[in-house]
Amino acid sequence: MKKLKLLVAALALVGVLALFGALGGLDLIGQSIVHEDALQPAEAIVVLTGSFSGNRVEEAVRLYKKGLGKWLVFTGYPVYPGTFTDTFMKHYAIQLGVPEDKILTQEAPANTERNTFGEARLNLDLLKKKGIERFILVTSQFHTGRARFVYRQVIAQEQPGMSFITHGAFDSNYPVEGWWESREGQKGMFYEVTKNLYYRLTY
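Numbered as in the numbering used here, the sequence shown ends at 359 without a single skipped number.
Shown next, in the form of structure tokens:
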């Protein structure tokens, strides 16, 4: 069933890309998957894993230094036996000037879904344990729309009472503007739009 839904999403995407391309609206495709809220102070800044350029951590540290959050939160997934992504993220944040005691980390259990839903459940559980109810969600710009959808779903179903705002970090590897000008941008946009459609069909 999931494969069928993914196929439907991919076919729908091809149609959407063809339509927007014909109308000269390629920029609109990029804009359609982005969601950013006006920045407001929160208790914590949750940084999603998945980018190895450092852009998400850099943007989160910038917000932290502006006083928009008291904590940075990282959840790590294994990238090699005994090595998790939160280790790199935490180390980089410390290099950029964040005190170690202001960083909350955890490692994903082996049975955790390796997707935005699995990470959302872990992050929200950690926030609940720490008594944190309001946070800023930081991810790459192209991922903001899907991330917001996922966190709204999980909060409504499992963690009512929590609230968040979504903020995007610029990613030069997968730019939202001019995404069609590079091979990486094309692949990234195809993947992300497909995932957006798939998530809305599945969840």
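Backbone N, C-alpha and C define an ideal beta-carbon position, used for all residues, glycine too.
Review point. Do the stretch 255–274 and the stretch 227–247 meet, that is, are 3 or more Cβ pairs less than 8 angstroms apart?
Key: The answer is yes - the stretch 227–247 touches the stretch 255–274, with three or more Cβ pairs under 8 angstroms.
Review point. Which whole runs of the alpha helix (DSSP H) in the stretch 192–225 are 4 residues long or more, in chain order?
Key: Runs found: 211–221.
Exercise for review: Please go through the same chain and pick out, in chain order, the residues whose beta-carbon is closer than 7 angstroms to the beta-carbon of ALA303, but skip the five residues on each side of it.
Suggested key: Within the sequence shown, residue 303 is the residue found at index 147, counting from 1. Counting only Cβ-Cβ distances below 7 angstroms, and skipping sequence neighbours, we find LEU204, THR272, LEU293, THR295, THR322.
Review point. Nearest-angstrom Cα distance between LEU252 and GLU214?
Key: The residue you call residue 252 lines up with position 96 of the sequence shown. The residue you call residue 214 lines up with position 58 of the sequence shown. About 8 angstroms.
Check your understanding: Expressed to the nearest angstrom, what Euclidean distance is found between the alpha-carbon atoms of ILE185 and GLY334?
Key -> On the sequence shown, residue 185 is found 29 positions in, with the first residue counted as 1. On the sequence shown, residue 334 is found 178 positions in, with the first residue counted as 1. ILE185 and GLY334: Cα-Cα distance of roughly 10 angstroms.
Review point. Hey, out of GLY324, ASN329, GLN342, TRP336, whose CA is closest to VAL190's CA?
Key: Here residue 190 corresponds to residue number 34 of the sequence shown, with the count starting at 1. For the residues GLY324, ASN329, GLN342, TRP336, the minimum Cα distance to VAL190 belongs to GLY324.
**Study point:** Presumed contact (8 angstroms Cβ cut-off) between LEU228 and VAL254, rounded CB distance
**Key:** Your numbering for residue 228 matches position 72 in the sequence shown. Your numbering for residue 254 matches position 98 in the sequence shown. Right, the Cβ-Cβ distance comes to about 6 angstroms (below 8 angstroms), so this counts as a contact.
Check your understanding: Roughly how many angstroms separate the alpha carbons of ARG290 and PHE320, rounded to a whole number?
Key -> Position 134 of the sequence shown, counted from the start, is the residue given in the question as residue 290. Position 164 of the sequence shown, counted from the start, is the residue given in the question as residue 320. Their backbone Cα atoms lie some 5 angstroms apart in a straight line.
Check your understanding: In its own chain, which residues sit with a C-beta less than 7 angstroms from the C-beta of THR300, not counting the 5 before and 5 after it?
Key -> Translated into the one-based positions of the sequence shown, residue 300 becomes position 144. Around THR300: VAL190, HIS191, GLU192, THR322, GLY324.
Check your understanding: What three-state label does DSSP hand TYR347 in the structure shown?
Key -> Indexing the sequence shown from 1 puts residue 347 at position 191. Of the three classes helix, strand and coil, the one that applies to TYR347 here is helix, per DSSP.
Review point. Do you know whose CA, among THR239, LYS258, GLY287, ASP242, lies nearest LYS221's CA?
Key: The sequence position of residue 221 within the sequence shown is 65, counting from 1. Closest option to LYS221, Cα to Cα, is LYS258.
Review point. What residues in its chain sit with their C-beta under 8 angstroms from that of ALA194, if we drop five residues either side in the sequence?
Key: One-based indexing of the sequence shown puts residue 194 at position 38. Correct list, in chain order: ILE321.
Practice item. List in chain order: all unbroken alpha helix (DSSP H) runs of 4+ residues lying wholly within the stretch 227–261. Key: Look at the stretch 227–261 and you find these whole runs of alpha helix (DSSP H), each 4 residues long or longer: 241–251.
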